[in-house]
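Per UniProt numbering, the very first residue in the sequence shown carries number 1; after that it's consecutive.
By construction, the Cβ of each residue, glycine as well, lies at the ideal position given by its N, Cα and C atoms.
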Amino acid sequence: MIYSLIEVSANDEYRKSTIERLRALRHRVLAAEGCRGFEILADAEFDQAGVVPVRPDVITILLRWESLHHYAAFRTSPLVLEFVNQNAQYHHGASIRVLKPEE
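Here it is, written out as structure tokens:
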């Protein structure tokens with residue numbers, strides 16, 4: 001199993017519409033070969049030492065894939081390229097981490 005953690009910084013005025021666009025894509029992402037999960041997340045308020053403060057401009061997308069091969073194919077799919085091209089102007093940064101279970 002492979003996990004992809006994508007953090008997108010969206011301008012405050014575009015945050016809600018970005019989340020709506022991501023929700024509209026959910027069924028198409030889940031239909032991609034090898035996709036086993038798609039979640040749109042936001043930082044939770046948790047005021048304790050060592051916890052990163054809430055980042056109101058960050059949208060986190062957690063994807064779960066059968067394999068790295070499946071995720072790599074998805075990354076270059078027309079769906080992803082179209083979404084990135086149509087939404088780049090609304091974001092001011094993104095980071096992607098690919099994770100695997102520790103064995």
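Cutoff 6 Å; reference residue i; Cβ partners in own chain excluding five residues on either side
i   : result
E39 : L62
Enclosing alpha helix (DSSP H) for residue i [first to last residue]
i   : result
F74 : 68–75
A24 : 12–30
Whole-angstrom distance between residue j and residue i, CA atom to CA atom
i   : j   : result
I59 : Y14 : 11 Å
G34 : M1  : 10 Å
I6  : E66 : 17 Å
F83 : T76 : 11 Å
Secondary structure of residue i, DSSP reduced to three states
i    : result
E45  : coil
E103 : coil
The beta strand (DSSP E) enclosing residue i, as first and last residue numbers
i   : result
V80 : Element bounds for V80: not the beta strand (DSSP E) but the alpha helix (DSSP H), 78–87.
R64 : 58–65
Distance between beta carbons of residue j and residue i, contact taken as under 8 Å
i  : j   : result
S9 : D57 : 5 Å
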